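Trainee: Quick one: the structure is below, and I'll ask about it shortly.
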Amino acid sequence: MTTPTITLNDGRDIPALGLGTYKLTGDEGISSMTAAVASGYRMLDTALNYGNEREVGEAVRAAAGLEQPVSREELFVTTKLPGRHHGFDEAVASLEESLGNLGLDYVDLYLIHWPLPKVDRYVDAWRGFIELRERGLARSIGVSNFTPQHLTRLIEETGVTPAVNQVELHPRFSQEPLRDFHRERGIVTQSWSPLGSRHADFASEPAIVQISEALGVTPTQVVLRWHVQLGAIPLPKSGDAERQRENLDVFGFELDDEQVAAISALESGRLWDGDPDTHEEF
Ligand SMILES: NC(=O)c1ccc[n+]([C@@H]2O[C@H](COP(=O)([O-])OP(=O)(O)OC[C@H]3O[C@@H](n4cnc5c(N)ncnc54)[C@H](OP(=O)(O)O)[C@@H]3O)[C@@H](O)[C@H]2O)c1
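Given below as structure tokens:
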């Protein structure tokens, strides 16, 4: 199974679904990420703050030794700049630190993890990102948890539009206005906690169960297909090889407009208080 791709505003291709790796650590983490690549995943999403960049790098190297080898070039690795490293020089040094942890020469995508508007250094960090892209250490650059105001400021002050904005997105929080803004500016949306993490149980949500029964797929597959049809790239995390395969197998069926709307109607708000205007993590 190969994942379809989407073309970013910088001309590079990104897989239409990736593996979330938060909490995949140690030897177990390495083997579950390697299993994911063996079953067809091509994108691994990490962050300096997840404390598992070393494991992600090990999985990338293990993938090259699989029975059906997958090379570094075939994989798409994303990492993120933590709040404590906002600023031009700090951003450059932080990616160098991440690459050291990963044991890689470049990442495919580098994201500002949170905007931290009260700290007000994300524009400087973004200038550092532009430099990192020019130096080839990050092939594509983007942001995470940015609002239209934060995005507008980056674009107006630097002239460079992020390729991606990775945000909270799931059936309880479908981010319609932000997705419309992204579409107008050519920014690709990625969905974090696409399955609601541990805060929501979409698998027993009647509207989703009903659709899953009608289509002969699992409720989780219905939710991931909904993301794909919204044009968002879901990053489901699973440490279990069977659930990883289930989560990737969402490109062979379609939801109709009514089914998409029924899932979007589950809107009730954020899972926790991850409001980008106020949430701070360093
Ligand atoms: N940019 C940001 O600020 C930000 C914030 C949060 C997350 N993220 C990224 O987004 C990724 C995903 O978000 P998340 O980890 O919060 O949550 P998630 O992917 O929505 O949900 C993960 C949970 O769902 C379970 N699960 C996965 N597939 C399943 C299936 N088919 N059936 C039943 N249960 C299933 C997993 O358990 P098992 O592992 O046991 O399968 C795990 O408990 C993260 O790993 C991270 O890479 C980014």
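Heads up: the sequence shown begins at 574 in my numbering, then just goes up one per residue. Beta carbons: idealized from backbone N, C-alpha and C, even for Gly. Because the structure is a prediction, the values reported are computed rather than measured.
1) Classify residue 681 as helix, strand or coil using the three-state DSSP reduction.
2) I'd like the list of long-range same chain contacts for residue 832, defined as Cβ closer than 6 Å, with 5 residues on each side in sequence excluded.
3) Is it a yes or a no for the stretch 768 to 783 touching the stretch 794 to 812, going by three-plus beta-carbon pairs under 8 Å?
4) Given residue 824, which residues of its chain have a CB within under 7 Å of its CB, disregarding the five upstream and five downstream residues?
5) How about residue 857 and residue 727: do their beta carbons lie closer than 8 Å?
6) Once DSSP output is grouped into helix, strand and coil, what is the label at residue 799?
7) Measuring from the CB of residue 765, is there a heavy atom of ligand 1 at a distance below 7 Å?
8) Going by other Cβ atoms of all chains shown within 10 Å of its Cβ, with 16 needed for buried, is residue 789 buried or exposed?
9) Would you report the Cα separation of residue 634 and residue 645, rounded to the nearest angstrom?
10) Buried or exposed: which applies to residue 653, given that a residue is buried once 16 or more other Cβ atoms fall within 10 Å of its Cβ?
11) Hey, quick one: how far does the beta strand (DSSP E) through residue 618 stretch, first residue to last?
12) Between 798, 632, 750 and 741, which lies nearest to residue 773 when the distance is taken from Cα to Cα?
13) Could you give the distance in angstroms between the alpha-carbon of residue 840 and the alpha-carbon of residue 638?
14) Looking at the unbroken alpha helix (DSSP H) that takes in residue 655, where does it start and where does it end?
15) By the DSSP assignment, the alpha helix (DSSP H) with residue 816 in it spans what residues?
16) Using 10 angstroms around the beta-carbon of residue 666, count the other beta-carbons present and answer buried if the total reaches 16, otherwise exposed.
17) Does DSSP put residue 578 in a helix, in a strand, or in coil?
18) Let me confirm a value: residue 708 is counted as buried when at least 16 other C-beta atoms fall within 10 Å, else exposed. Which label applies?
19) Check the C-beta distance from residue 682 over to residue 713 and give it rounded, since I have them as a contact under 8 Å.
20) Closer than 7 Å by C-beta to residue 704: which residues in its own chain qualify, once you throw out the five before and the five after it? Chain order, please.
21) Can you tell me whether residue 688 is buried or exposed, with buried defined as 16 or more other CB within 10 angstroms of its CB?
22) How far does the beta strand (DSSP E) with residue 779 in it extend, from its first residue to its last?
23) Kindly indicate the opening and closing residues of the beta strand (DSSP E) around residue 720.
24) Three-state secondary structure (DSSP) at residue 622?
25) Tell me which residues share the same chain as residue 847 and place their Cβ nearer than 6 Å to its Cβ, disregarding the 5 neighbours each side in the sequence.
Mentor: Reading off the structure:
1) Taking the first residue of the sequence shown as position 1, residue 681 is located at position 108. Residue state, collapsed to three classes: strand.
2) Translated into the one-based positions of the sequence shown, residue 832 becomes position 259. The residues are 784.
3) yes
4) Locating residue 824 in the sequence shown gives position 251, counting from the first residue. Closer than 7 Å at Cβ, skipping near neighbours: 577.
5) Residue 857 lies beyond the residue range present for the chain, which begins at 574 and ends at 855; the question has no answer from this structure.
6) Taking the first residue of the sequence shown as position 1, residue 799 is located at position 226. Three-state DSSP puts residue 799 in a helix.
7) Your numbering for residue 765 matches position 192 in the sequence shown. Residue 765: yes, Cβ under 7 Å from ligand 1.
8) As a working mapping, residue 789 is identified with position 216 in the sequence shown. Residue 789 comes out exposed.
9) In the sequence shown, the residue the question calls residue 634 occupies position 61. In the sequence shown, the residue the question calls residue 645 occupies position 72. Distance between the alpha carbons of residue 634 and residue 645 is about 8 Å.
10) Counting from 1 along the sequence shown, the entry for residue 653 is found at position 80. Buried, since its Cβ has 16 or more Cβ neighbours within 10 Å.
11) As a working note, residue 618 is residue 45 in the sequence shown. Unbroken beta strand (DSSP E) run through residue 618: 616 to 618.
12) Here residue 773 refers to the residue found at position 200 of the sequence shown. For residue 773, the nearest C-alpha among the options comes from 741.
13) Taking the sequence shown and counting its residues from 1, the one referred to as residue 840 is at position 267. Taking the sequence shown and counting its residues from 1, the one referred to as residue 638 is at position 65. When rounded, the distance between both Cα atoms is 44 Å.
14) For the purposes of this step, residue 655 is taken as the residue at position 82 of the sequence shown. Looking at the DSSP string, residue 655 is not in any alpha helix (DSSP H), and its letter there is neither H nor E.
15) As a position in the sequence shown, residue 816 is number 243, starting the count at 1. Where residue 816 is concerned, the enclosing alpha helix (DSSP H) stretches over 814 to 821.
16) For this step, residue 666 is matched to residue 93 along the sequence shown. Answer is exposed; the Cβ neighbour count stays below 16.
17) In the sequence shown, the residue the question calls residue 578 occupies position 5. Three-state result, residue 578: strand.
18) Reading the sequence shown from its first residue, position 135 is the one you call residue 708. Exposed, because fewer than 16 other Cβ atoms sit within 10 Å of the Cβ of residue 708.
19) For the purposes of this step, residue 682 is identified with residue 109 of the sequence shown, where counting begins at 1. For the purposes of this step, residue 713 is identified with residue 140 of the sequence shown, where counting begins at 1. Indeed, because the Cβ distance is near 5 Å, the residues count as touching under 8 Å.
20) For the purposes of this step, residue 704 is taken as the residue at position 131 of the sequence shown. Within the same chain, residue 704 has close Cβ partners 665.
21) In the sequence shown, the residue the question calls residue 688 occupies position 115. With 16 or more other Cβ atoms within 10 Å, it is buried.
22) As a first step, residue 779 must be located in the sequence shown, where it is residue number 206. That residue, residue 779, is in no beta strand (DSSP E); its alpha helix (DSSP H) goes 779 to 788.
23) Taking the sequence shown and counting its residues from 1, the one referred to as residue 720 is at position 147. First-last for residue 720: undefined, no H or E at that position.
24) Here residue 622 refers to the residue found at position 49 when the sequence shown is read from its first residue. Correct three-state label for residue 622: helix.
25) The residue given as residue 847 occupies position 274 in the sequence shown. Contacts found: 741.
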